[in-house]
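No gaps in the numbering here: position 60 of the sequence shown is 60 in full-length UniProt numbering, and each next residue is one more.
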Amino acid sequence: MARPGRSQQLHVDDLRWIKDPLQLKDELLNVVEAYKSAQTETLKYYMPSAAEGRTHVEVACLSDSEMELTFPMAFVFTSKAMAVACKKKQRLLCKEGSDRELLACDVPPYQTNVSLAALREIHNSLLGGGYQGPADMDYFVAIFPNEEFDRQSCKIEKRSGGKGLCKSFSKELYGQPLPYEAILAIGKGLLQ
1 MARPGRSQQL HVDDLRWIKD PLQLKDELLN VVEAYKSAQT ETLKYYMPSA
51 AEGRTHVEVA CLSDSEMELT FPMAFVFTSK AMAVACKKKQ RLLCKEGSDR
101 ELLACDVPPY QTNVSLAALR EIHNSLLGGG YQGPADMDYF VAIFPNEEFD
151 RQSCKIEKRS GGKGLCKSFS KELYGQPLPY EAILAIGKGL LQ
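Printed below as a string of structure tokens:
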């Protein structure tokens, strides 16, 4: 039980074992469902819509659009080592060797209509490069971004042709990890 005046520490679900996009989608929805009781206490600090009492989560079709959540879950795409470190330390960390910005986006790790190359291109354009290796973005850390994150939108290439909307959330870390109580899950990204 949380003490008055202190935020509740959330359990971080480890979803690294999931290999199927639909199963990963379902498990992430279960994570959000599991935290409904904590949402009033925790999420009111992270997303204005949670404070408005909207707790229903909807995800758009896997194959043809960006993720639409009533309060958007965002995903920090990173290496396995960084994802595990974020889970263990309950802190958001920048990519190894970077002391700049942490970047999360609303492209879900089970999205079948967005390639990892397209997502890597977005990350590199927003952060000035650095995501080159095959394992740089293999894993994700699911978070509810709070008001301290800067928000912006850009277009991302879709496999079906055309461009979709990619919402990003960034935060300067100044070389220090960010203690963050809304880390919800880590897992293996299924983007290819």
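Heads up, the beta-carbon is just placed ideally off N, CA and C, and yes, glycines get one too.
**Where the beta strand (DSSP E) through A74 begins and ends** = Locating residue 74 in the sequence shown gives position 74, counting from the first residue. Per DSSP, A74 belongs to the beta strand (DSSP E) from A74 to T78.
**Message:** For L102, tell me which candidate among E181, F169 and S115 has the shortest Cα-Cα distance.
**Reply:** Walking along the sequence shown from the start, residue 102 turns up at place 102. Ranking the options by Cα distance to L102, first place goes to F169.
**Item:** CA-to-CA distance, F140 to Y180, given in whole angstroms
**Value:** For the purposes of this step, residue 180 is taken as residue 180 along the sequence shown, with counting starting at 1. For the purposes of this step, residue 140 is taken as residue 140 along the sequence shown, with counting starting at 1. Cα-Cα distance, rounded: 15 angstroms.
**Asked** To the nearest whole angstrom, what separates the beta carbons of Y110 and H123, a pair I think is in contact under 8 angstroms?
**Response** Looking up residue 110 in the sequence shown gives position 110. Looking up residue 123 in the sequence shown gives position 123. Not really, about 18 angstroms apart at Cβ, beyond 8 angstroms.
**Prompt:** Thinking just about the alpha-carbon of each residue, which of G164, G187 and K188 is nearest to the one in K155?
**Reply:** Mapped onto the sequence shown, residue 155 falls at position 155. Looking at the Cα atoms, G164 is the closest of the given residues.
**Request:** Within the same chain, show all residues whose beta-carbon is closer than 7 angstroms to that of L191, passing over the 5 residues directly before and after it, in chain order.
**Result:** Working through the sequence shown from its first residue, we reach residue 191 at position 191. Around L191: P109, Q111, V114, S115, L116 and L119.
**Prompt:** Under the three-state reduction of DSSP, which class applies to D150: helix, strand or coil?
**Reply:** Numbered from 1 along the sequence shown, position 150 holds the residue referred to as residue 150. Reduced to three states, the DSSP call for D150 is strand.
**Prompt:** Can you tell me the Cα-Cα spacing of D138 and K80, whole angstroms?
**Reply:** In the sequence shown, counting from the first residue as 1, residue 138 sits at position 138. In the sequence shown, counting from the first residue as 1, residue 80 sits at position 80. Approximately 7 angstroms, taken between the alpha carbons.
**Prompt:** For the alpha helix (DSSP H) that contains L127, what are its first and last residues?
**Reply:** On the sequence shown, residue 127 is found 127 positions in, with the first residue counted as 1. Unbroken alpha helix (DSSP H) run through L127: L116 to L127.
**Request:** Report buried or exposed for A182, applying the criterion of at least 16 other Cβ atoms within 10 angstroms of its Cβ.
**Result:** Translated into positions along the sequence shown, residue 182 becomes position 182. It counts as buried.
**Prompt:** Count the other CB atoms within 10 Å of the CB of P134; is the residue buried (16 or more) or exposed (fewer)?
**Reply:** One-based indexing of the sequence shown puts residue 134 at position 134. Exposed.
**Prompt:** Is DSSP giving V12 helix, strand or coil here?
**Reply:** One-based indexing of the sequence shown puts residue 12 at position 12. If DSSP states are grouped into helix, strand and coil, V12 belongs with coil.
**Prompt:** Measuring CB to CB, does I143 end up less than 9 angstroms from L93?
**Reply:** As a working mapping, residue 143 is identified with position 143 in the sequence shown. As a working mapping, residue 93 is identified with position 93 in the sequence shown. No, Cβ-Cβ distance for I143 and L93 is not below 9 angstroms.
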